[in-house]
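Enquirer: For the protein sequence lines, the chains are S and B, in the order given. In this text, residue positions in the first sequence follow this note's numbering: the first is 1, and each later residue adds one. In this text, residue positions in the second sequence follow this note's numbering: the first is 1, and each later residue adds one. Structure incoming, see below.
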Amino acid sequence: MARIFVIVPQIDGVIEDSAATVFAAARKIDATAPLTAVVSGFGPALDAVATELCSSYAEVWKVGSASFLPPNAEILRVALAKIVPAGSILLMPHDHFAIDLAPGLSIKLNSAFVSDVVDVEAVIGSQLKVVRQEFGGQVSTHVASDMSSGIVITVRPGALKPITAAPANGVVIDKSAEVGTITPKRRYLETIVADSGDVDITKHSVLVSVGRGIGEQENISIAEELAEALGGAVSCSRPVADAKWLDKSRQVGTSGKTVKPKVYIACGISGAFQHVAGLKGNPLIIAINKNPKAPIFQVADVGIVDDLLEFLPALTEKVRELHTISK
Amino acid sequence: MEILVCVKRVPDTSENEIELTGNDVNRDDLVYSINEWDNYAVEEAIQIVGRVGGNVTVVTVGTEEDEEVLRREMAMGAKNGVLLTDEAFNGSDGKGIASILAAYITTNKFDLILTGVQADDGAAQVGGMLAALLDYPYASLVNSIEVLDGKLRIGREVEGGNKEVSEIDLPCVLSIQTGINEPRYVGMRGIRQVASIPIPTFGADELGVDPAIVGEAAARVKRLDYFVPAVGRTAEILHGSREENVEKVIELVEAKGGLK
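Now the structure itself:
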């Protein structure tokens with residue numbers, strides 16, 4: 001079997017959680033082979049991460065350069081193409097950095113590419129069989145990839161359960177000199193931090209969250225009325241923010257806010273993984289959707305297949321009624 | 001600025017429930033439309049040309065059936081539509097599609113190439129592969145573009161909704177994120193107005209694509225089937241009347257301390 005590399009993401013000396021998912025995927029490809037981590041960055045933070053990785057990786061390749069502050073996929077792609085041997089298996093988390101880095105890397109390494117993998121099923125000779133999802137998570141597919149000239153694989157963060165690594169007693173190998181200086185055609189300027197908006201949805205214990213199924217902007221008021229009756233706030237999924245029906249600061253998900261409510265009422269939200277990844281703290285999730293096959297029902301505690309425009313006002317009315325009685 | 005936007009015709013899954021027939025998706029009842037991300041990319045291209053001049057061309061790899069999405073985007077304001085079609089292209093994987101597009105781009109001159117971030121298969125791969133094949137710089141998840149002299153100032157959507165701002169040299173390839181703009185409405189009238197504009201087609205020979213590097217035989221990544229996974233955990237679906245369901249929801253919310 002070819003050599004297996006894991007590209008480990010780190011920020012300011014902290015390894016991202018998604019690295020554990022990728023490690024588990026690598027171990028599903030080969031349960032015992034020595035694994036090599038590749039980590040890029042600069043200075044003492046990089047050194048600390050490289051040392052830490054030695055506990056679970058047989059080798060840790062360190063690529064240090066001030067040009068990796070912040071990480072730049074345009075530079076790392078060239079660097080990896082220089083140092084990674086042909087025919088290797090490379091894994092990394094399917095995140096905003098890999099979406100930048102990985103497809104082009106597979107071209108530069110002349111290897112196969114399979115992205116956003118949710119499970120590794122089998123290795124049969126040089127064929128790798130994995131599971132992916134299509135159509136916004138509504139259906140899954142088995143995908144066979146030919147690894148005979150290498151492969152680049154991105155793995156969905158959290159899709160595989162982390163496993164305990166056998167002690168590896170690894171060694172750090174500094175590849176910085178081999179990489180040399182790379183002049184990118186894309187240069188980082190600044191990071192603009194997302195606006196917190198008029199309502200801070202991360203602070204609310206009840207969220208009434210609206211998705212594409214709300215239909216049109218005018219219908220948002222139906223969710224607002226329910227949120228008001230429940231003493232909560234209205235949040236949303238990506239399509240609602242994209243359509244500018246609600247401010248981007250109300251969006252829950254990997255490219256929006258991470259929220260920790262007690263109760264999350266998902267209204268017409270299909271339940272793409274990028275959305276669900278923004279829900280933490282194990283809230284009670286109540287999903288209302290017209291489509292009984294919506295992926296949201298796989299994460300919700302309670303599901304109601306009904307028309308939002310009918311169900312939400314009925315719920316609001318009942319909540320208000322109870323308030324009046326208790327007063 | 002000459003801008004090329006690579007687009008794809010896909011089943012509209014926001015409106016359709018996906019049904020399986022055996023190992024495949026039942027495609028008979030599906031309604032097809034432009035991939036949502038691509039539509040934002042075309043709108044962005046039209047807005048850039050509106051500011052700095054130039055032309056927008058939309059291209060797809062497919063068959064005659066795919067002409068409808070090219071016409072739709074032309075009705076939005078793309079000047080040219082181009083169809084890359086050949087039996088040899090059938091069954092191409094992401095790299096195959098990127099190789100066909102790269103061949104078209106090298107026989108023409110474009111300053112900027114846009115794709116959507118991803119399409120129905122969620123792979124998010126063709127833009128990045130295309131850039132690597134052309135040796136152009138690349139940025140994914142782009143949610144703002146400002147044209148400077150010989151380069152662009154772009155924003156990328158990163159975790160937490162933050163925006164990573166960079167400058168990138170032209171020519172380049174960008175994958176466009178939804179929400180970057182508000183795509184204009186296209187009516188039937190608009191589509192009728194572009195109905196008679198010829199859409200040139202190019203095959204493997206005209207593009208100089210080696211048939212050995214595209215199509216099913218060259219694909220190193222193959223979908224074996226579609227299936228609905230056994231669900232480990234699923235919601236308790238309430239089957240009561242609307243009134244009963246409302247009562248039940250209130251009971252649950254109260255139990256969680258969410259109703260004061």
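Note that CB positions come from ideal geometry on N, CA and C, so glycine has one too. Since the structure is predicted, the reported quantities are computational estimates derived from the model, not experimental observations.
Inspect the CB distances between the segment 206-223 of chain S and the segment 234-243 of chain S and report whether three or more fall short of 8 Å.
Expert: yes
Enquirer: Pair every Cβ in the segment 2-9 of chain B with every Cβ in the segment 22-35 of chain B, then say whether three or more of these pairs are closer than 8 Å.
Expert: yes
Enquirer: What alpha helix (DSSP H) runs, 4 residues minimum, are completely inside the segment 203-256 of chain B?
Expert: 204-207, 215-218, 242-255
Enquirer: Give me the Cα-Cα distance between B:Met74 and B:Val186, rounded to the nearest whole angstrom.
Expert: Here residue 74 of chain B refers to the residue found at position 74 when the second sequence is read from its first residue. Here residue 186 of chain B refers to the residue found at position 186 when the second sequence is read from its first residue. Roughly 10 Å between the two C-alpha positions.
Enquirer: Mind checking which residues open and close the beta strand (DSSP E) that includes S:Ile182?
Expert: Here residue 182 of chain S refers to the residue found at position 182 when the first sequence is read from its first residue. Run containing S:Ile182: none; DSSP gives neither H nor E here.
Enquirer: In whole angstroms, what is the alpha-carbon distance linking S:Phe23 and S:Ile163?
Expert: Within the first sequence, the letter at position 23 stands for residue 23 of chain S. Within the first sequence, the letter at position 163 stands for residue 163 of chain S. Going from the Cα of S:Phe23 to the Cα of S:Ile163 covers about 8 Å.
Enquirer: Over what stretch of residues does the alpha helix (DSSP H) that includes S:Ser221 continue unbroken?
Expert: Position 221 of the first sequence, counted from the first residue, corresponds to residue 221 of chain S. Secondary structure note for S:Ser221: its alpha helix (DSSP H) is the uninterrupted segment 220-230.
Enquirer: Cα-Cα, which of B:Ala255, B:Glu36, B:Lys256 is closest to B:Asp121?
Expert: Start at 1 with the first residue of the second sequence, and residue 121 of chain B comes out as number 121. Checking every option, the nearest Cα to that of B:Asp121 belongs to B:Glu36.
Enquirer: Hey, is S:Asn282's beta-carbon within less than 8 Å of any beta-carbon in chain B?
Expert: Position 282 of the first sequence, counted from the start, is the residue given in the question as residue 282 of chain S. No, S:Asn282 lies away from the interface with chain B (no Cβ there is under 8 Å from its Cβ).
Enquirer: Using the three-state DSSP reduction, which class does S:His142 fall into: helix, strand or coil?
Expert: Reading the first sequence from its first residue, position 142 is the one you call residue 142 of chain S. Looking at S:His142 - three-state DSSP - the assignment turns out to be strand.
Enquirer: Name the chain B residues that come within less than 9 Å of S:His204, Cβ to Cβ?
Expert: By 1-based counting over the first sequence, the position of residue 204 of chain S is 204. Per Cβ cutoff of 9 Å: no residues; S:His204 is ~10 Å from chain B at best.
Enquirer: Could you tell me the alpha carbon to alpha carbon distance between B:Leu224 and B:Gly190, rounded to whole angstroms?
Expert: Residue mapping note: residue 224 of chain B aligns to position 224 of the second sequence, counting from 1. Residue mapping note: residue 190 of chain B aligns to position 190 of the second sequence, counting from 1. Each residue's Cα considered, the two are about 40 Å apart.
Enquirer: S:Val280 to S:Ala227, Cα distance in whole Å?
Expert: In the first sequence, the residue the question calls residue 280 of chain S occupies position 280. In the first sequence, the residue the question calls residue 227 of chain S occupies position 227. Position check: residue 280 of chain S holds Lys in this sequence, whereas Val was assumed. The alpha-carbon atoms of S:Lys280 and S:Ala227 are separated by roughly 20 Å.
Enquirer: Using only alpha-carbon positions, find the residue among S:Val39, S:Ala33, S:Val14, S:Ile124 that is nearest to S:Val179.
Expert: Along the first sequence, one-based indexing puts residue 179 of chain S at 179. That would be S:Val39, whose Cα lies nearest to the Cα of S:Val179.
Enquirer: So, with DSSP's three-state summary, where would you put S:Val240?
Expert: Looking up residue 240 of chain S in the first sequence gives position 240. In the structure shown, S:Val240 sits in a helix (DSSP, three-state: H, G or I).
Enquirer: S:Thr167 lies in the alpha helix (DSSP H); which residues open and close that run?
Expert: Residue numbering aside, residue 167 of chain S sits at position 167 when the first sequence is read from its first letter. Reading the sequence as shown, one finds Pro at residue 167 of chain S and not Thr. First-last for S:Pro167: undefined, no H or E at that position.
Enquirer: Please confirm whether B:Gln47 and B:Asn181 have their CB atoms less than 8 Å apart.
Expert: As a first step, residue 47 of chain B is located in the second sequence; it is residue number 47 there, counting from the start. As a first step, residue 181 of chain B is located in the second sequence; it is residue number 181 there, counting from the start. Yes; because the gap between Cβ atoms is below 8 Å, this pair is in contact.
Enquirer: Determine the extent of the alpha helix (DSSP H) in which B:Tyr104 is found, giving its start and end residues.
Expert: Counted from its first residue, the second sequence places residue 104 of chain B at position 104. Unbroken alpha helix (DSSP H) run through B:Tyr104: 94-106.
Enquirer: Using Cβ-Cβ distances below 9 Å, what residues of the segment 174-203 of chain S are close to chain B?
Expert: Pro184, Lys185, Arg186, Arg187, Tyr188, Leu189, Glu190, Thr191, Ile192, Val193, Ala194, Asp195
Enquirer: Give a yes or no on whether the minimum CB-CB distance between S:Asn291 and chain B is below 8 Å.
Expert: For the purposes of this step, residue 291 of chain S is identified with residue 291 of the first sequence, where counting begins at 1. Yes, its Cβ sits closer than 8 Å to a Cβ of chain B.
Enquirer: Considering only the beta carbon of each residue, do S:Gln328 and B:Gly116 sit closer than 8 Å?
Expert: Outside the displayed range of chain S (1 to 327) lies residue 328 of chain S, so it cannot be described from this structure.
Enquirer: Short of 6 Å in beta carbon distance, which residues of its chain neighbour S:Ala79, apart from the five on each side in sequence? Order them along the chain.
Expert: On the first sequence, residue 79 of chain S is found 79 positions in, with the first residue counted as 1. Scanning its chain for C-beta atoms nearer than 6 Å, with the 5 sequence neighbours on each side dropped, one finds around S:Ala79 the residues Val63, Val179, in chain order.
Enquirer: When DSSP labels each residue in this structure, what does S:Trp61 get in the three-state scheme?
Expert: On the first sequence, position 61 is the one that residue 61 of chain S refers to. In the structure shown, S:Trp61 sits in a strand (DSSP, three-state: E or B).
Enquirer: Are the Cβ atoms of S:Phe160 and S:Asp119 separated by less than 8 Å?
Expert: By 1-based counting over the first sequence, the position of residue 160 of chain S is 160. By 1-based counting over the first sequence, the position of residue 119 of chain S is 119. Checking the sequence, you will find Leu at residue 160 of chain S rather than Phe. A contact, by the Cβ cut-off of 8 Å.
Enquirer: Residues in the segment 214-228 of chain B with C-beta within 7 Å of chain S's C-beta atoms, listed in sequence order?
Expert: Arg220, Val221, Lys222, Arg223, Leu224, Asp225, Tyr226, Phe227, Val228
Enquirer: Residues of chain S with CB closer than 8 Å to the CB of B:Asn39, please, in chain order.
Expert: What you label residue 39 of chain B is simply residue 39 of the second sequence in a count that begins at 1. Per Cβ cutoff of 8 Å: no residues; B:Asn39 is ~11 Å from chain S at best.
Enquirer: Contact defined as beta carbons within less than 8 Å: I believe S:Thr154 pairs with B:Glu159. What is the distance between those atoms, to the nearest angstrom?
Expert: Position 154 of the first sequence, counting from 1, holds the residue named residue 154 of chain S. Position 159 of the second sequence, counting from 1, holds the residue named residue 159 of chain B. That belief does not hold up - the Cβ atoms of S:Thr154 and B:Glu159 are roughly 15 Å apart, past 8 Å.
Enquirer: In whole angstroms, what is the alpha-carbon distance linking B:Asp169 and S:Leu230?
Expert: By 1-based counting over the second sequence, the position of residue 169 of chain B is 169. By 1-based counting over the first sequence, the position of residue 230 of chain S is 230. Straight-line Cα distance between these residues: approximately 51 Å.
Enquirer: Thinking just about the alpha-carbon of each residue, which of B:Glu17, B:Ser99, B:Leu20, B:Phe110 is nearest to the one in B:Met1?
Expert: For the purposes of this step, residue 1 of chain B is identified with residue 1 of the second sequence, where counting begins at 1. Comparing Cα positions, the closest option is B:Phe110.
Enquirer: Using the beta-carbon count (16 or more within 10 Å), is S:His96 buried or exposed?
Expert: Sequence index remark: in the first sequence, residue 96 of chain S carries index 96 (1-based). The residue in question, S:His96, is buried, as its Cβ has 16 or more Cβ neighbours within 10 Å.
Enquirer: Which residues bound the beta strand (DSSP E) around B:Glu146?
Expert: Counted from its first residue, the second sequence places residue 146 of chain B at position 146. Where B:Glu146 is concerned, the enclosing beta strand (DSSP E) stretches over 138-147.
Enquirer: At 7 Å on the CB atoms, spell out the chain B contacts of S:Val300, in chain order.
Expert: For the purposes of this step, residue 300 of chain S is identified with residue 300 of the first sequence, where counting begins at 1. Note that residue 300 of chain S is Ala in the sequence shown, not Val. Neighbours of S:Ala300 on chain B, chain order: Ala235.
Enquirer: Below 7 Å on C-beta distance, what does B:Ile168 contact in chain S?
Expert: To locate residue 168 of chain B, count along the second sequence from 1; it is residue 168. Lys185, Arg186, listed in chain order.
Enquirer: Hey, how far is the Cα of B:Ala139 from the Cα of B:Glu206?
Expert: For the purposes of this step, residue 139 of chain B is identified with residue 139 of the second sequence, where counting begins at 1. For the purposes of this step, residue 206 of chain B is identified with residue 206 of the second sequence, where counting begins at 1. In a straight line, the C-alpha of B:Ala139 is about 29 Å away from that of B:Glu206.
Enquirer: Pair every Cβ in the segment 264-276 of chain S with every Cβ in the segment 288-302 of chain S, then say whether three or more of these pairs are closer than 8 Å.
Expert: Output reads yes: the segment 288-302 of chain S touches the segment 264-276 of chain S.
Enquirer: Can you find a C-beta in chain S that's less than 8 Å from the C-beta of B:Asp120?
Expert: Translated into positions along the second sequence, residue 120 of chain B becomes position 120. Taking CB atoms only, B:Asp120 has a neighbour in chain S less than 8 Å away.
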